[in-house]
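**Student:** The structure is given below, and queries will be raised subsequently.
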Amino acid sequence: MAHGRYTRVSLATTSTAVAVRLSKPVTHGPLVAFAALVAFVALASSPCRLRAAENLVFVTWDGFRWQEMFTGAEERLISKDFGGVSDAAALRKAYWRDTPEARREVLLPFVWGVLAKDGQLFGDPTRKAAARLTNGRKFSYPGYNEMFAGFADSGIDSNNKIPNPNLTVLEHIHRQPGFADRVAAFATWDVIEFVLNRERSRMTVQVAWNPLRDEPLTEGQRHVNAMIKDLPRLWPGVAYDVVAQAAAREHLQKHKPRVLYIGLGETDEWAHARRYDQYLDSARRADRFLREFWELLQSLPEYRGKTNLVLTTDHGRGFGRDWANHSATTEGAEFIWIGLLGPDVPPLGVREGIEATQSQVAATLGKLVGVDFPSAAPQAAPPLNLAKP
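Here our numbering is used: the first residue of the sequence shown is 373, the next is one more, and so on.
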């Protein structure tokens, strides 16, 4: 559109516009082409940036291995000896198929039917695309710090309930205009409250078996509190995934947050118990929740076509008989995976020939809602490269 003696050409990238000064209003012909050419040159000479969506959902599956993510159930673990499986025949019927592609699809139908087709998935070592943590500890608090703060902190060397001294990307987003009181976290593990430093960040952070305090409670929130009260507690510091899932769903519909983190932990707990059957079942339920939650997002006008999804894990696990373990001395526990889906994620599928680190997750989360995290946290790694090679 012409504005007096200027024509402004807006480009479909983040806050990019080019003004071209002309001798008279532009309406047609060569001058229009000239203005478009100038705009194109300006775009080509500027760094490629994502058009950030308005919202972000970030989900973690604690301790879920890349092996199951990319190849499905592992045959030797479908046994009493290796996997603690009492009914190997039933588990084999549920999850074993002749090819890795079929096995992963029956285990994780949403990840492989939607996310891996319409989004991107990093971390398949067989495609020269390994994703690794860099903290060297290979257990939870160091991993969650690395993904939220963007770097490995050698001072975080336990799972103790110590407030995180590092700025997290969620806290930084929460401080930005338009995000105050619109960033929330729901997690099964009670230590996440300290990882995200709830007291300092002043975000909504709901963890483990703590009842919801969000009066007046909705009927759904009262149901969540009833579950918290009545469910048996196998793990004192870790609630069942269904608790965090239901609480997050209620918060989404009641408060319409722009950034929502959901941390699920059953995969890790069942792996530590050496129950491969329960480990696979919990992953399958987590995948179903992801599908249902994504469908809920697409049904709401505030989120439909305006929301990016990121899915990852805090650490890997060992190989063979060591599959249940993860520590600094556990070979292979440094390998993780990262999945992304949404309007700002080109549909490149399973990435090949590109490696990634857990430390890149933080800046990626920020970038997907238009926030430059490394500018506030210089130690943070740069975001993942989501562009086509």
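By construction, the Cβ of each residue, glycine as well, lies at the ideal position given by its N, Cα and C atoms.
Is the beta carbon of residue 506 less than 8 Å from the beta carbon of residue 685?
**Tutor:** No, the Cβ-Cβ distance between residue 506 and residue 685 is not below 8 Å.
**Student:** For residue 731, I'd like the list of residues in its chain whose CB is within less than 6 Å of its CB, leaving aside the five on either flank, ordered along the chain.
**Tutor:** 506, 518, 522, 523, 753
**Student:** What are the boundary residues of the alpha helix (DSSP H) that includes residue 642?
**Tutor:** 638-644
**Student:** Tell me the rounded alpha-carbon separation between residue 430 and residue 585.
**Tutor:** Each residue's CA atom was taken as its position, placing residue 430 and residue 585 some 22 Å apart.
**Student:** State the Cα-Cα distance for the pair residue 716 and residue 577, rounded to the nearest angstrom.
**Tutor:** The alpha-carbon atoms of residue 716 and residue 577 are separated by roughly 26 Å.
**Student:** Could you check the C-alpha separation between residue 681 and residue 608 for me, to the nearest Å?
**Tutor:** 30 Å
**Student:** Roughly how many angstroms separate the alpha carbons of residue 537 and residue 572, rounded to a whole number?
**Tutor:** 10 Å
**Student:** With three or more beta-carbon pairs closer than 8 Å as the criterion, would you say the region 703-720 touches the region 459-475?
**Tutor:** Contact annotation: the region 703-720 does not touch the region 459-475, with fewer than three C-beta pairs closer than 8 Å.
**Student:** For residue 744, name the three-state secondary structure that DSSP assigns.
**Tutor:** coil
**Student:** Return the bridge partner residues of residue 682 from the DSSP annotation.
**Tutor:** 430, 712
**Student:** Just to confirm the assignment: which complete beta strand (DSSP E) runs, minimum length 3, are found wholly within the region 560-590?
**Tutor:** 576-579
**Student:** Quick one: residues in its chain with C-beta nearer than 6 Å to the C-beta of residue 592, no 5 flanking neighbours on either side, listed in chain order?
**Tutor:** 622
**Student:** Taking DSSP as the reference, what is the three-state secondary structure of residue 463?
**Tutor:** helix
**Student:** Look up residue 478 in the DSSP assignment and say whether it is helix, strand or coil.
**Tutor:** helix
**Student:** Can you tell me the Cα-Cα spacing of residue 726 and residue 649, whole angstroms?
**Tutor:** 32 Å
**Student:** Got a sec, what are the start and stop residues for the beta strand (DSSP E) residue 315 sits in?
**Tutor:** With the chain running from 373 to 761 in the structure shown, residue 315 is simply not present.
**Student:** Are the region 484-503 and the region 692-701 touching by the rule of at least three beta carbon pairs closer than 8 Å?
**Tutor:** no
**Student:** Out of curiosity, what's the CA-to-CA distance linking residue 455 and residue 533?
**Tutor:** 31 Å
**Student:** Any idea which residues DSSP pairs residue 634 with across the strands?
**Tutor:** 431, 558
**Student:** Could you please give the first and the last residue of the uninterrupted alpha helix (DSSP H) stretch that includes residue 518?
**Tutor:** For residue 518, the uninterrupted alpha helix (DSSP H) run begins and ends at 512-521, by DSSP.
**Student:** Using the C-alpha atoms, what's the distance from residue 477 back to residue 483?
**Tutor:** The alpha-carbon atoms of residue 483 and residue 477 are separated by roughly 8 Å.
**Student:** What three-state label does DSSP hand residue 729 in the structure shown?
**Tutor:** strand
**Student:** Since residue 486 is in the alpha helix (DSSP H), which residue starts that stretch and which ends it?
**Tutor:** Careful: residue 486 lies outside any alpha helix (DSSP H) and carries neither H nor E.
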